[in-house]
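A short write-up of the structure that comes next.
Protein chains: 4
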Amino acid sequence: MPKIVNKELKRKEIAISCMDLIYDVGIRKLTVDEVAKKANIGKGTVYEYFENKEDIVFEIINMHIQKAQQDFCKKIKKLKTTREKIYEVFSFVLDNSENSVRRFNYYKEYVSIVLSNENENMLKFNCNCKDFITQQIENILNEAVNKGELNGNASELVEVILIFEKGLAFLKMTQKDIELKNICLNFIDLILKKS
Amino acid sequence: MPKIVNKELKRKEIAISCMDLIYDVGIRKLTVDEVAKKANIGKGTVYEYFENKEDIVFEIINMHIQKAQQDFCKKIKKLKTTREKIYEVFSFVLDNSENSVRRFNYYKEYVSIVLSNENENMLKFNCNCKDFITQQIENILNEAVNKGELNGNASELVEVILIFEKGLAFLKMTQKDIELKNICLNFIDLILKKS
Amino acid sequence: MPKIVNKELKRKEIAISCMDLIYDVGIRKLTVDEVAKKANIGKGTVYEYFENKEDIVFEIINMHIQKAQQDFCKKIKKLKTTREKIYEVFSFVLDNSENSVRRFNYYKEYVSIVLSNENENMLKFNCNCKDFITQQIENILNEAVNKGELNGNASELVEVILIFEKGLAFLKMTQKDIELKNICLNFIDLILKKS
Amino acid sequence: MPKIVNKELKRKEIAISCMDLIYDVGIRKLTVDEVAKKANIGKGTVYEYFENKEDIVFEIINMHIQKAQQDFCKKIKKLKTTREKIYEVFSFVLDNSENSVRRFNYYKEYVSIVLSNENENMLKFNCNCKDFITQQIENILNEAVNKGELNGNASELVEVILIFEKGLAFLKMTQKDIELKNICLNFIDLILKKS
DNA sequence: CATGAATGAGTGTTCATTCAT
DNA sequence: TATGAATGAACACTCATTCAT
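For the protein sequence lines, the chains are A, B, C and D, in the order given.
Residue numbering for the first sequence follows full-length UniProt numbering, starting at 1 and increasing by one per position.
Residue numbering for the second sequence follows full-length UniProt numbering, starting at 1 and increasing by one per position.
Residue numbering for the third sequence follows full-length UniProt numbering, starting at 1 and increasing by one per position.
Residue numbering for the fourth sequence follows full-length UniProt numbering, starting at 1 and increasing by one per position.
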């Protein structure tokens, strides 16, 4: 009897070993040959675990985003004030630690693929991401309403914050060396003073 | 000296004749063959006026954006109220007329390329675009301050509006069938009430 | 010794379980993976019983042809007149019942492979098929001679009928929607009147 | 100005230079790489003159068949008796001169492709071939009727002869070393005596 | 015996760029 | 100056076969 491999596990392993590859060469220039080489397996073996190249890319991105969402949930629990929590929503963009920057660059590549309509999975997946962040913002605002920091019209703010976060990300992606921190603080002032 | 002028002129001519081409086949799938055919010149001749394919794409995009900016300026002049003018900033995203949708799709492809770091020129160019829109928003807000509709702290709003516009664009690009009009109106209320 | 018997048996079993597979995907597109799956065995196990893919295909075709020959013998026994029997020789081509059409399509693929010289076994095998049908025609004609329906020169007719049958098959294979029934009846008239 | 090549001419040239290639390796194993190498051009250049590999194969076969039909017409004109002319119909199969054998082997490869339904062009093309040979046989028989060698029912014979010719070809393709000459002579006796 | 994981050679097609005329 | 013919590197994906367990 031959050894039975855990297909799902090996799939993840291959994806993990290629995470840097995406960072180095970009998703679009990633070749299956490179993936195989990086993962120390044959090219054919790649296709034992992935449907096609799109699937490989999807898996790698998938892992990144899941990790990012888990990290976000952990962090948000530790924060007390509404201000801090809203700021945390933006910190994905603002944080300049090496780890965050790298993560942001993955995200950038990911968005580039989404925008080019090349990858069906990505678009669906992207909706899930939006839903996640929307839900988080809702939670933060509901809590604030309960605390009496905001009045009941808070629901209208959810999308405004969401859009602002997307705008921040967009600007960071497309402009070099832009200072966004203070703008965010101004924005938070703007929406919290409102009540 | 006159030759250089002619070169520059012909370069523009070629780019202009290919503006629709991008819409038909997409930026990334544009081939030099198609460009030559559309411009009614030989393939080799294309390389007399452009360094490489990247350069062609850049010039075509350039034409599109210049046109879009001119159109924006024309429209903004006709508008009276500050509300209308700010809304016009967002209308690039919100307008669903055939022409606007087409233009927005160009922009989407364009952003995808900027994000993938494939084209150096694009990134620099993108900064110019940001500067243009920033300037426009500044003008609108300054006018509003002069009219007394806003107090002097208006400068802080420029970037907030800019970011909101980018966020709108981002969301429209990455989500299907999303209703953004009311959110914009809410947002405009939010910033104008503030004063 | 008993092991060899078992090997031969299992080989047949595998081939039998894959008879329909050829119909579904075509001989040339048959993969070893599919064979293994259909036979409910491991891919490696296939190679315990077959030299290579060519060998698998050969065995499957073998099953089909044996079956076809058995069916022919059964049918021919039930027929009385010489006319009917000769017509039965052609019915492999003429019959449009689902089953016959399916069988004819197998045969078509099979011939395609024989003609492409891809499979050595096939060519030898094809000779056996010719010998079988030749023998059958001989039997029919001898009987006819015994009955006094044909004179002694009947032996010359064997090959003519054989060739006519091959030509019918060929035409059916390579032309769409061709009416062959009446031509056959004319042909039978031609050769039987002769005596 | 660059040199302007006659595309149609070069297409033929490339096809001609590859005629032996098909004979050597078989149509199905022909690779575009080999074609390019044999024609002493780059692989990309092949695609300047052919849509795809199918198109290459089609052109080569096309040339062969046109040539074969021209040769047939020339030969048939020189022949006097109906017997000779009908025999000439079969000589494509019967003639064992090096040239004829080579031509027959091309035909064999061609039929293999037709049977595998891989190539749309081929199937249509094959119909033309049938029409050509049918027409030729008709001409021969009409002439014979006019000469009084056959009675008016000759039209029924056209398809019988056609099918017989196909059967001959089939048998020659699928059997090694088979003697067909005498069978043909018998067959011609059979149909001509009939009148 | 049985297996299925691993493999990598093989292939049709595209297209930006070059260069001889 | 203008051209378009020529090019070949690049790439995703398949599948028969092997072999360690």
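For each residue, glycine too, the CB sits at the ideal point set by N, CA and C.
Bear in mind that the values here come from a model prediction, so they are computed numbers and not experimental data.
- The continuous alpha helix (DSSP H) containing T82(A) extends over residues 82-94.
- Going by C-alpha positions, D189(B) is about 30 Å away from L115(A).
- Sixteen is the threshold: since fewer than 16 other Cβ atoms of the shown chains lie within 10 Å of the Cβ of R102(B), the residue is exposed.
- For N151(D), the closest Cβ of chain C is not nearer than 9 Å.
- Contact of Q135(B) with chain A is not assigned, every C-beta pair being separated by 9 Å or more.
- Distances from the CA of F92(B) to each of T82(B), C73(B), K80(B) were compared; the closest alpha carbon is that of C73(B).
- Neighbourhood of M173(D) in chain C, by CB distance below 7 Å: L115, in chain order.
- Residues S17, C18, L21 of the same chain have their beta carbon placed closer than 6 Å to that of K38(B), with the five preceding and five following residues left out of the count.
- At least 9 Å separates the CB of A144(B) from every CB of chain A.
- In the structure shown, N151(C) adopts coil according to DSSP, grouped into three states.
- Here Q175(A) has no same chain residue with a Cβ atom under 8 Å from its own Cβ, once five neighbours each way along the sequence are excluded.
- Between K53(A) and V32(A), the C-beta spacing is below 9 Å.
- Pairing I61(B) with F132(B) gives a Cβ-Cβ distance that is not under 9 Å.
- When DSSP states are grouped into helix, strand and coil, A144(B) belongs to the helix group.
- Taken in chain order, the members of the UniProt domain "HTH tetR-type" (8-68) of chain D whose beta-carbon sits within less than 7 Å of a beta-carbon on chain C are G26, R28.
- Secondary structure note for I178(D): it is in no alpha helix (DSSP H), with a DSSP letter that is neither H nor E.
- Here E109(B) is buried. Its C-beta has 16 or more other C-beta atoms within 10 Å.
- Under the three-state reduction of DSSP, R28(C) is assigned to coil, being neither helix nor strand.
- Residue-level contact by beta carbon holds for S112(A) and chain B, with a gap shorter than 9 Å.
- Pairwise C-beta distances place the stretch 164-178 of chain A in contact with the stretch 78-96 of chain A, as three or more of them are shorter than 8 Å.
- The criterion of a C-beta distance shorter than 9 Å is satisfied by F104(A) and A169(A).
- Relative to the Cα of N139(D), the nearest Cα in the group I113(D), T81(D), N96(D), I4(D) belongs to T81(D).
- A Cβ-Cβ separation of about 20 Å leaves L171(D) out of contact with L157(D) under the 8 Å criterion.
- Within the same chain, Cβ atoms closer than 7 Å to the Cβ of K75(A) are found at E88, the five residues on either side in sequence being excluded.
- In the structure shown, G42(A) falls within a coil segment according to DSSP collapsed to helix, strand and coil.
- Between K7(A) and Y49(A), the CB-CB gap stays under 9 Å.
- Between S155(C) and I41(C), the alpha-carbon positions lie close to 50 Å from each other.
- At a cut-off of 9 Å between C-beta atoms, A169(D) counts as an interface residue with respect to chain C.
- The three-state reading of DSSP puts N126(C) in helix, counting H, G and I together.
- Within 7 Å of the CB of K130(B), the CB atoms of chain A belong to Q175, in sequence order along the chain.
- A check of alpha carbon separations from N151(A) across I113(A), L141(A), V160(A) identifies L141(A) as the nearest.
- Sequence-distant Cβ neighbours of Q70(B) in its own chain, meaning closer than 7 Å and more than five residues away, do not exist here.
- Residue range 98-115 is occupied by the alpha helix (DSSP H) that includes L115(C).
- By the rule that beta-carbons nearer than 9 Å mark a contact, K166(C) touches chain D.
- In this structure, DSSP gives V158(C) a helical state, which the three-state scheme calls helix.
- DSSP, reduced to helix, strand and coil, places L192(B) within a helical segment of the structure shown.
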